[in-house]
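All residue numbers for the sequence shown refer to the working numbering, where the first residue is 9 and numbers rise by one. One structure is given below, encoded as structure tokens.
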Amino acid sequence: MAGGKETPRQKMIGMMYLVLTALLALQVSNQILQKFVLINDGLERTSKNYIQKNEFSVNIIASTVEQQGSNELDLPKVDAARQIRTMSADLYQYLEDQKRNLIEVSNAINDEGDFKTAALKNVDIPGNIFNNNRIGYEMQERLNSYPDEISGILAGLGINLTFENLAKDARDIDLFRNNVDVNYKDYVNLNYVKSPIGAVLAIISQHQNEVLNVESEALTAITNSLGSFIFEADKLMPRVAANSNVVAAGTKFEADLFLASSSSSAELRMSADGREVPVVDGFGKIEFNVAPASNYDDRGLAPRILKGEITVPIGGKDSLFTIDYEYFVAQPVIKVSSEVVNQLFAECANELFIDVPALGNSYAPDFSVSGGQAIRGSRPGDVTIIPGSSGKVNIGVSSGGNRIGSVEYDIRPVPAPTIRPYSGDRAIDLQNPSAISALSNFKVRAIPEPTFGRTMPKDANFEVTAGEVRLVRNDVPRATVNISGEDVAIRTSLLAQAQPGDRLVVIVNEVTRTNFQGNKIKSSVNEVFPISLR
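Structure (structure tokens):
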């Protein structure tokens, strides 16, 4: 922008303006209009940072002059810096008013505060406001007179610095100078006539950035013209300020890389949200636990403002610098992974993985359980829950001493096993008579319910532990063998005297389950199975 060599940032800003202007000649889709909204949001965030930086520069100029004894040669520079800040703020607000007027006239924002796509595509209202009502020409005049006024103020201080016009006609822009389809257009027709509202908002926000950039260059020139500044910045540290340190694959990582400086000789005092911050080598170390928010938006985010204060001793007195930093609190959603998560089985080892994805690598879980007990696993988030015999289990989740929330489950009783007589590994067919000789390896098994057996193998160990097998002939019991386990010895006692037409009657009175801790849990049953013999 200035008469000297442009910085990479200035070149980037100029190129962005050209891209925005060129896009106005295209038939834009809804997606491109949405990108204009995102660009506008980014430009407005940049403007806020610019304003803070420029206000800081004005304070530094005033403090430096005072520290150096209010030299009569430098005193006018303080007034000039404040005048430039006021002029920039006035022009910035004028442009902000034009954006607000455009939004109000077009009714571009709904009741929820979001832009309406249909309104963003409107190309008639900008032309009416900025061309027919001549607001665009008034804007062009103010934008182009501003750099000249700033150069005049600097010239009065003996500083030679000039700037280009901020609102150019097509013939003054390299991209359009040789384009016969465009180069005849003036500033207003190039930017606002037949241009969608979404693009016009971004154009005006870009002008606000350019105004603040001219101001920044002017304040830098004034600062450089002052005498030596005894606040010696002898501590330098590279820093990266990213829009987010969590980036999804396939999306863009955006950040500012800069060199932060401080002084080891100055006793700086810093605070964040009213709490004192330790200062190491001139840099404050902010660290605190983030409390949960009371309300989150539909993205699970709640905005917060961190208010920082830095007290710097300059010129024999303390100077206070403040900053408001916006960040977002993500709602910590508890995610439970398990084969069975709707209900937990009573007095069993229900293995869960409980995660809070929003906490990332800082997740250091602790669990508190009512209605049961918990056994922590080897990995963060692994936990075995052992519920009581009935009711509900409430699992409280904390991380690093901060409570996150809780999850609750019904306690489901262990499903009863299926009792079946076997001959070896073959289930006996109860519908048809069995050969006496085929029953020598007789067993009575308790088979777990399939889902329970698959998901809870450590707790699905069932065994028939009480009952009897009777040999019955003509409905009269002839002999009996007690059941005390899976294998039942009936060959000698019953089969040796059995005849075709007899029956074996299996009566099961008790099943014992061995749980994951080796404890025996007995259950009474009443199962009867008649087996015909041939």
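Using N, Cα and C, we set each Cβ at its ideal position, and we do this for glycine too.
Same chain only: Cβ atoms within 6 angstroms of residue i, ignoring 5 sequence neighbours per side
i: Leu198; result: Ala178
i: Thr213; result: In the sequence as displayed, the identity of residue 213 is Ser instead of Thr. So the qualifying residues of the chain are Asn48, Leu51 and Glu52.
i: Met278; result: Val285, Val287, Gly292 and Ile318
i: Pro155; result: Phe171 and Val222
i: Gly44; result: Reading the sequence as shown, one finds Phe at residue 44 and not Gly. So the qualifying residues of the chain are Gly206, Ala207 and Ala210.
i: Ala175; result: Gln148, Leu151, Asn152 and Tyr195
i: Thr520; result: Glu471, Thr473, Lys528 and Lys530
i: Arg4; result: No answer is possible for residue 4: it lies beyond the span of the chain, which begins at 9 and ends at 542.
i: Ser327; result: Ser71 and Val320
Three-way DSSP call (helix, strand, coil) for residue i in this model
i: Leu447; result: helix
i: Gly396; result: coil
i: Ser236; result: The pLDDT assigned to Ser236 is 44, lower than 50, so where the model puts this residue is not dependable, and the model offers no usable value.
i: Arg283; result: strand
i: Gln381; result: strand
i: Arg387; result: coil
i: Gly359; result: One point to set straight first is that residue 359 is Glu, not Gly, in the sequence displayed. Of the three classes helix, strand and coil, the one that applies to Glu359 here is strand, per DSSP.
i: Thr170; result: coil
i: Tyr154; result: helix
i: Gly164; result: coil
i: Thr319; result: strand
i: Ile294; result: coil
i: Arg179; result: helix
i: Met147; result: helix
i: Arg521; result: strand
i: Glu471; result: strand
i: Val188; result: coil
i: Met9; result: Per-residue confidence for Met9 stands at a pLDDT of 46, beneath the threshold of 50, marking its modelled position as unreliable; the derived number appears in the next sentence. Coil, per DSSP.
i: Gly258; result: Its pLDDT being 49, under 50, Gly258 is placed unreliably by the model, and nothing is read from it.
Minimum C-alpha distance to residue i - residue among the options
i: Thr170; options: Lys176, Val472, Glu157 and Pro508; result: Glu157
i: Val452; options: Ala127, Asn410 and Ile515; result: Ile515
i: Met95; options: Asn62, Ser398 and Ile427; result: Asn62
i: Gly404; options: Ser397, Asn410, Ala116 and Val415; result: Val415
i: Ile455; options: Ile427, Ile211 and Ser448; result: Ile427
i: Ala543; options: Asp483, Ala424, Ser492 and Val489; result: Nothing about residue 543 can be reported from this structure: the residues present for the chain run from 9 to 542 only.
i: Ala268; options: Gln60, Lys243, Glu223 and Val489; result: Lys243
i: Ser302; options: Phe336, Leu447 and Phe329; result: Phe336
i: Pro485; options: Thr463, Ile491 and Glu476; result: Glu476
i: Glu535; options: Lys400, Ser71, Gly526 and Ile491; result: Ile491
i: Arg542; options: Ser397, Pro458 and Leu447; result: Leu447
i: Ser65; options: Arg108, Phe329, Phe44 and Leu209; result: Phe329
i: Val219; options: Asp82, Val188, Arg150 and Ser532; result: Arg150
i: Glu471; options: Ala487, Tyr200, Ala310 and Ser531; result: Ser531
i: Leu502; options: Gly493, Val489 and Gly509; result: Val489
i: Glu557; options: Glu518, Ala372, Pro311 and Ala299; result: The structure shown has nothing for residue 557, since the chain only spans 9 to 542.
i: Gly509; options: Val480, Ala487, Val401 and Pro421; result: Val480
i: Arg387; options: Lys315, Ile362 and Ser445; result: Ile362
i: Phe460; options: Leu352, Asp119, Ala504 and Pro246; result: Leu352
i: Asp281; options: Glu275, Ile294, Tyr304 and Ala372; result: Ile294
i: Asn173; options: Gly166, His215, Gln101 and Gly396; result: His215
i: Asn410; options: Pro373, Thr500 and Ile419; result: Pro373
Contact set for residue i: own chain, Cβ-Cβ below 7 angstroms, skip 5 residues either direction
i: Gly432; result: Asn449
i: Phe537; result: Pro429, Leu438 and Val514
i: Ile205; result: Leu110, Ser114, Ala116, Ala127, Leu128, Asn130, Ile133 and Pro134
i: Ile436; result: Pro429, Tyr430, Ser442 and Ile539
i: Ser376; result: Gly404
i: Ile59; result: Leu220
i: Ile143; result: Gln106 and Ile137
i: Ile331; result: Gln60 and Gly316
i: Ala497; result: Val489
Neighbourhood of residue i by C-beta distance below 8 angstroms, restricted to the same chain and skipping five residues each side
i: Phe524; result: Cys356, Ala357, Lys466 and Asp467
i: Ile69; result: Lys85, Val86, Ala89, Leu227, Ile230, Thr231 and Leu234
i: Ile394; result: Glu355, Cys356, Ala357, Asn358, Gly380, Gln381, Ala382 and Ile383
i: Tyr192; result: Ala178 and Arg179
i: Ser55; result: Tyr100, Ser213, Gln216, Asn217 and Leu220
Proximity test, Cβ basis, 8 angstroms: residue i and chain D
i: Ile529; result: Any reference to chain D falls outside this structure, which holds one protein chain only.
How do the stretch 382–390 and the stretch 353–368 stand: do at least 3 beta-carbon pairs fall below 8 angstroms, yes or no? Taking 8 angstroms as the limit for Cβ pairs, the verdict is that the stretch 353–368 does touch the stretch 382–390.
At least 3 beta-carbon pairs within less than 8 angstroms: the stretch 179–188 vs the stretch 73–90: As far as the Cβ criterion goes, the stretch 179–188 does not touch the stretch 73–90, which means the pair count is below three.
Run through the stretch 73–114 for me and flag every whole alpha helix (DSSP H) of 4 or more residues, listed as ranges in chain order. List check, alpha helix (DSSP H) in window: 83–114.
As an exercise, report each continuous beta strand (DSSP E) stretch of at least 3 residues that is fully enclosed by the stretch 458–507, in chain order. Within the stretch 458–507, the complete beta strand (DSSP E) runs of at least 3 residues are 469–481 and 484–491.
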